[in-house]
Structure formats: C-alpha cells, structure tokens
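Here the structure is laid out as structure tokens; the discussion comes afterwards.
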Ligand SMILES: Cc1cc2nc3c(=O)[nH]c(=O)nc-3n(C[C@H](O)[C@H](O)[C@H](O)COP(=O)(O)OP(=O)(O)OC[C@H]3O[C@@H](n4cnc5c(N)ncnc54)[C@H](O)[C@@H]3O)c2cc1C
C-alpha cells in the first residue's frame, strides 16, 4: 500500500518523490501533463541542464525514479481529495479511488497572460515572462 501521494510530477513533485523514495516510503506520483513551462522551447539557469527542453528535464526526472521500486508514477489527474481522521481519500479522473496517509500537492501554478488579442501565439516566442528563463538562448562558444 502507498503511504504518500504526490499530486504533480513537475520538478517539485519529482524532487519530493526521490527524497521520499530514498527514505523507503511507498509513494504514488500522479500527473495530468499540464506543466507550467510547456510553452518554453528550452529552460535555462538550472545548473547542469542549461538549454534542455522542459519535457526532457521531466523525462530525466522520471527515469531517475525508475530504480526505486517503492515509487510509482501514473499519468492521471486527481480531481478530489478528502481528509479523514488519519488518512486522505483521493479520486482520479478515471474514477480510481485511493487512500493515503499523506498528501503532497505539487501542482504548480498557472500563469495568467495579459488580456491582449493573439498574445498566446507569441508567449515564449518573443513575449517572455522571465528574462533569466527563456528570453535568452545559450550563447554560442567562441
Ligand atoms: C514560459 C516559462 C518558462 C520557464 N522557464 C524556466 C527556466 O528556463 N528555468 C527555470 O528554472 N524555470 C523556468 N520556469 C519556471 C518553471 O516552469 C517552474 O519553476 C517549474 O515548472 C515549477 O515546478 P512545479 O513542479 O512547481 O510545477 P509544474 O512544472 O507546473 O508541475 C506541476 C505538475 O502538476 C501537474 N498537476 C496539476 N494539477 C494536477 C492534478 N489535479 N492532478 C495531477 N497532476 C496535476 C501538472 O500536470 C504539472 O505537470 C519557466 C516558466 C514558464 C511559464
């Protein structure tokens, strides 16, 4: 039986999973595939991974969880969670209901773009939310 459910397999959820996995906890990580920087072609400023595609960082994170038999990752969306006296009852969008002792919400945030017609097409392609993240590519070596 799982002890902990982590909702969200972005950098936060995967980091929590690997620490709990190394602590010999039985962990289920659930993800709906709607991560914050999906619009970005490459992420920057993360030591050792400068210029990597966001999806590749997540793939590597999941790959490094694989040796831990006490961690499972499922691509499902959690739609409900109820706190009972000493556990949580969690429901997924496929109707699955599961019980856990601990619940970690690592669902990230959703950015709200300004109300400007057509801005979505340029988000992360000229309209940037952060100068350190995706506004500047990795400089070429000389
Ligand atoms: C355009 C853009 C570019 C960026 N570039 C960089 C960069 O270059 N370098 C950098 O360090 N940071 C960058 N960031 C910031 C970076 O994206 C965030 O810091 C990081 O994604 C936060 O990780 P997280 O795990 O908290 O959230 P997220 O990465 O958003 O992950 C949350 C996860 O939770 C899942 N989830 C949410 N609700 C549910 C649910 N109900 N059930 C199941 N799963 C759920 C989502 O599917 C998602 O995969 C950028 C952000 C944006 C918007």
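Numbering (the numbering used here), first residue to last: 4 to 145.
Don't be surprised by glycine CBs; every beta carbon is placed ideally from N, CA and C.
Please read all numbers here as calculations on a predicted model, not as lab measurements.
Whole angstroms are fine: how far does the CA of residue 8 sit from the CA of residue 78? 13 angstroms
**Asked** Taking C-beta to C-beta, are residue 76 and residue 10 nearer than 8 angstroms?
**Response** The beta carbons of residue 76 and residue 10 sit no closer together than 8 angstroms.
Checklist entry - The beta strand (DSSP E) spanning residue 75 covers which residue range? => result The continuous beta strand (DSSP E) containing residue 75 extends over residues 74-77.
Exercise. Count the other C-beta atoms from every protein chain shown that fall within 10 angstroms of the C-beta of residue 118, then say buried if there are 16 or more, exposed otherwise.
Key: exposed
Leaving out five residues on either side along the sequence, give the residues of the same chain with a beta carbon under 6 angstroms from the beta carbon of residue 108. These residues qualify, in order along the chain: 10.
Check whether the Cβ of residue 13 sits closer than 7 angstroms to any heavy atom of ligand 1, and report yes or no.
yes
What is the rounded straight-line gap between the Cα of residue 6 and the Cα of residue 142? Taking the straight line from one Cα to the other gives about 45 angstroms.
Any chance the CB of residue 80 is under 7 angstroms from a heavy atom of ligand 1? yes
- Message: If we require 3 or more residues per run, which beta strand (DSSP E) segments fall completely within the region 39-92?
- Response: Complete beta strand (DSSP E) runs here, min 3: 74-77, 81-86.
TODO: Would you tell me roughly how many angstroms separate the C-alpha atoms of residue 129 and residue 138, rounded to the nearest one?
DONE: 8 angstroms
Task: Segment limits, beta strand (DSSP E) that includes residue 108 - done: First-last of the beta strand (DSSP E) with residue 108: 105-108.
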